[in-house]
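Undergrad: Below you will find the structure I want to go over with you.
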Amino acid sequence: MLEDEPNYIFPDWFPSAEDNRLNLNRIVMMSNIDTSEKLGFCMDSVQNIEQHLLLFRALYHKDKSMRLRFISEASAQQFFDTIWSSAEAAGVKVSLEEDIHIVPRGVVTAISLGACRVVSMRIDKKRRRSIQDYHSMFVQYGALGHVSEKSSDDSSMDVVFLTYNSIFGAMRCIYDLSRSSKNVPGVWGAQINFLGAEHLVPSIIPDEVAEGRFSSLADYP
8 MLEDEPNYIF PDWFPSAEDN RLNLNRIVMM SNIDTSEKLG FCMDSVQNIE QHLLLFRALY
68 HKDKSMRLRF ISEASAQQFF DTIWSSAEAA GVKVSLEEDI HIVPRGVVTA ISLGACRVVS
128 MRIDKKRRRS IQDYHSMFVQ YGALGHVSEK SSDDSSMDVV FLTYNSIFGA MRCIYDLSRS
188 SKNVPGVWGA QINFLGAEHL VPSIIPDEVA EGRFSSLADY P
């Protein structure tokens with residue numbers, strides 16, 4: 008299995024010392040987000056994070072907090088150190104927390120190949136749905152932080168951007184829809200890919216039913 012491969016080559020952004028380790032400080036909590044200005048500060052800070060370093064991002068309105076799970080303790084610490092003083096000045100509390108899960112090597116490999124939390128879908132304008140419909144259709148793969156679209160009069164295709172809170176939701180979406188449109192009817196023929204992964208050949212959503220769902224991704228949070 009990949010987890011036991013002794014010759015596995017780690018990318019430079021994932022410290023080999025963190026391989027298969029639990030309870031590392033990979034989580035950054037941002038709290039006391041009780042004004043629009045503080046929320047703006049947090050959103051701007053997250054925008055500056057390199058996409059491949061962030062496994063999970065969720066905003067909790069009730070608790071007035073944001074939770075970020077990074078690929079490594081090193082990247083979480085770097086983000087914390089970068090924003091700590093400006094967060095304090097903005098009135099936002101930041102803290103590091105332990106991650107009770109490991110980061111599977113399969114996820115490290117997937118990210119190295121281009122996986123991220125954002126799925127882009129090119130779909131014929133004739134099949135266009137509302138943003139609310141897209142959210143309802145694709146939330147089955149994981150919580151969605153944002154859904155948007157881009158349209159041009161010069162193209163017969165719209166581009167829909169599905170931003171999942173977790174990279175695992177994006178991976179489930181790509182995996183399931185590359186095999187069948189059964190669970191999201193009406194989008195067959197659309198092209199799906201991870202945002203920014205132009206080096207990968209987009210999957211075309213087929214118009215047939217394939218057996219099984221998620222396979223080895225089923226156990227991921």
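Mind the numbering: the sequence shown is residues 8 to 228 in our numbering, read in order.
No residue lacks a Cβ here, since even glycine has one placed at the ideal position from N, Cα and C.
Counting only runs of 3+ residues fully inside the region 120 to 200, write out the beta strand (DSSP E) ranges in chain order.
TA: Counting only runs of 3 or more, we get 125 to 131, 151 to 157 and 164 to 171.
Undergrad: Count Cβ pairs between the region 153 to 164 and the region 104 to 115 that sit closer than 8 Å; are there 3 or more?
TA: no
Undergrad: Using three-state DSSP, classify V110 as helix, strand or coil.
TA: coil
Undergrad: When you compare only the Cα positions, how much space is there between I212 and R76?
TA: 30 Å
Undergrad: In the DSSP assignment, the beta strand (DSSP E) including I34 goes from what residue to what residue?
TA: L31 to S38
Undergrad: Measuring only the C-alpha atoms, how far is F63 from F87?
TA: 16 Å
Undergrad: Less than 8 Å between C-beta atoms, sequence neighbours within five positions excluded: which residues of the same chain meet that for A81?
TA: P22 and E25
Undergrad: Assuming F87 is part of the alpha helix (DSSP H), what are its boundary residues?
TA: E80 to A97
Undergrad: State the DSSP-derived secondary structure class of K69, mapped to helix, strand or coil.
TA: coil
Undergrad: Using C-beta distances below 8 Å, list every residue in its chain close to V194, excluding the 5 sequence neighbours before and after it, in chain order.
TA: M128, I130, R134, M144, L184, S188 and I212
Undergrad: Mapping the DSSP letters down to three states, classify E104 as helix, strand or coil.
TA: strand
Undergrad: So, helix, strand or coil for I212, using DSSP?
TA: coil
Undergrad: Mind reading off the beta-carbon distance from K71 to S38? Whole number of angstroms is fine, and I expect it under 8 Å.
TA: 7 Å
Undergrad: Would you mind stating whether I174 and E156 have Cβ atoms separated by less than 8 Å?
TA: no
Undergrad: Between which residues of its own chain and V208 is the CB-CB distance below 6 Å, once the five residues before and five after are set aside?
TA: none
Undergrad: Is T170 near G152, with beta carbons less than 8 Å apart?
TA: yes
Undergrad: Report the residue from Q54, L46, V126 and I78 whose alpha carbon sits nearest the alpha carbon of G98.
TA: L46
Undergrad: Using only the alpha-carbon positions, how far apart do N55 and C49 sit?
TA: 10 Å
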